[in-house]
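Working notes, beginning with the structure itself.
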Amino acid sequence: GAGVSQTPSNKVTEKGKYVELRCDPISGHTALYWYRQSLGQGPEFLIYFQGTGAADDSGLPNDRFFAVRPEGSVSTLKIQRTERGDSAVYLCASSLTLGDPYGYTFGSGTRLTVV
Amino acid sequence: SQQGEEDPQALSIQEGENATMNCSYKTSINNLQWYRQNSGRGLVHLILIRSNEREKHSGRLRVTLDTSKKSSSLLITASRAADTASYFCASVYSTLTFGKGTMLLVSP
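Residue numbers (my numbering), protein chains in the order written: chain A, 76 to 190; chain B, 10 to 117.
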């Protein structure tokens, strides 16, 4: 596609439920990144993939968070036993290569609300 | 955790004025990038400056980088109401590390 697509754009879930957030990167981009942004803050790094493998998952806050990219394209961020503190906008970005000098292309994000 | 800090946190100016935003970061970088965000959603890449560059221009944007002070500035000249947005710097070593952003309001 022409840009990075994230679905759903909004998700409301009850505390304790499981959610999956999907990211469809730009075709051919090998690097994919997940960020989380709380209100009034800058995006915080969660994880990035180079191809199918998670090259750095040091930003995942705890073991309730997990992400996969099985075929090196679409990625899914999975959150188990959601908590109200997980409410945020989850942003996905992709780039041609890691550290692409032309910058990263971000999707519009998924706004997750845990009630 | 976030690495950088932007200054000021909020900036309000009139159309036609220049807007200057500053950013500091903490570790070594390969490059530093500036992004714009409208309404808290998608970020748009504005400009990238490499660690061996000191100044870069793109249209009405001018970015400076001082690696000895670990700081950067973004200047938007002749601002327009459409420039109203949040602006973030992001330092890059392996991935992007964002600051907290500057919220710019340009009034007609």
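Idealized CB from N, CA, C, for every residue including glycine.
For Thr151 (chain A) and Arg97 (chain A), believed in contact at Cβ under 8 Å, the rounded distance: The residue given as residue 97 (chain A) occupies position 22 in the first sequence. The residue given as residue 151 (chain A) occupies position 76 in the first sequence. The Cβ separation is near 5 Å, so the contact holds.
>> Give me the residue from B:Arg71, B:Thr106, B:Gly25 and B:Leu55 with the minimum Cα distance to Gln46 (chain B).
In response: As a working note, residue 46 (chain B) is residue 37 in the second sequence. With distances taken between Cα atoms, Gln46 (chain B) lies closest to B:Leu55.
Minimum C-alpha distance to Pro118 (chain A) - residue among A:Gly91, A:Tyr110 and A:Lys90: Along the first sequence, one-based indexing puts residue 118 (chain A) at 43. When only C-alpha atoms are compared, the closest one is A:Tyr110.
Counting contacts by CB-CB distance shorter than 8 Å, is Ser37 (chain B) in contact with chain A?
One-based indexing of the second sequence puts residue 37 (chain B) at position 28. Nearest CB-CB separation between Ser37 (chain B) and chain A: not below the 8 Å threshold.
Q. How would you label Asn137 (chain A), buried or exposed, when you count the other beta carbons within 10 angstroms and need 16 or more for buried?
A. If you number the first sequence from 1, residue 137 (chain A) lands on position 62. The residue is exposed, with fewer than 16 neighbouring Cβ atoms inside 10 Å.
Using the beta-carbon of each residue, which ones in chain B are nearer than 7 Å to Leu135 (chain A)?
Taking the first residue of the first sequence as position 1, residue 135 (chain A) is located at position 60. Here the premise fails: no neighbours, minimum Cβ distance about 13 Å.
ask   = Based on the DSSP secondary-structure assignment, which residues constitute the bridge partners of Val101 (chain B)?
value = Here the question's residue 101 (chain B) lines up with position 92 in the second sequence. Paired residues: B:Asn40 and B:Leu105.
Burial state of Asp161 (chain A), where buried means 16 or more other Cβ atoms lie within 10 Å: Start at 1 with the first residue of the first sequence, and residue 161 (chain A) comes out as number 86. Classification of Asp161 (chain A): buried, given that the 10 Å Cβ count is 16 or more.
Beta-carbon proximity list for Gln125 (chain A), same chain, < 7 Å, skipping 5 on both sides: Locating residue 125 (chain A) in the first sequence gives position 50, counting from the first residue. Closer than 7 Å at Cβ, skipping near neighbours: Thr105, Ala106 and Leu173.
*asked:* Out of B:Lys35, B:Ala94, B:Ser81 and B:Ser95, which one is the CA nearest neighbour of Leu57 (chain B)?
replied: Within the second sequence, residue 57 (chain B) is the residue found at index 48, counting from 1. Cα-wise, what sits closest to Leu57 (chain B) is B:Ser81.
Using a cut-off of 9 Å between C-beta atoms, extract the partners of Pro83 (chain A) located in chain B.
Taking the first residue of the first sequence as position 1, residue 83 (chain A) is located at position 8. Simply none; closest approach about 13 Å.
Original post:
Can you name, in chain order, every residue of its own chain whose Cβ lies under 6 Å from the Cβ of Arg186 (chain A), other than the five neighbours on each side?
Top reply: For the purposes of this step, residue 186 (chain A) is identified with residue 111 of the first sequence, where counting begins at 1. So the qualifying residues of the chain are Asn85 and Val164.
beta-carbon Thr157 (chain A) near the ligand GTP non-hydrogen atom, thresh 7 Å
Questions concerning the ligand GTP fall outside what the structure shown contains, since it holds no ligand whatsoever.
Subject >> Candidates A:Ser148, A:Val189 and A:Thr188: closest to Thr127 (chain A) by CA position >> reply: For this step, residue 127 (chain A) is matched to residue 52 along the first sequence. Comparing Cα positions, the closest option is A:Ser148.
Cα-Cα separation, Ser33 (chain B) to Ser77 (chain B):
Counting from 1 along the second sequence, the entry for residue 33 (chain B) is found at position 24. Counting from 1 along the second sequence, the entry for residue 77 (chain B) is found at position 68. Roughly 11 Å separates the two Cα atoms.
task: Establish whether the CB of Val164 (chain A) and some CB of chain B are separated by less than 8 Å.
output: Numbered from its first residue, the first sequence carries residue 164 (chain A) at position 89. Closer than 8 Å: yes.
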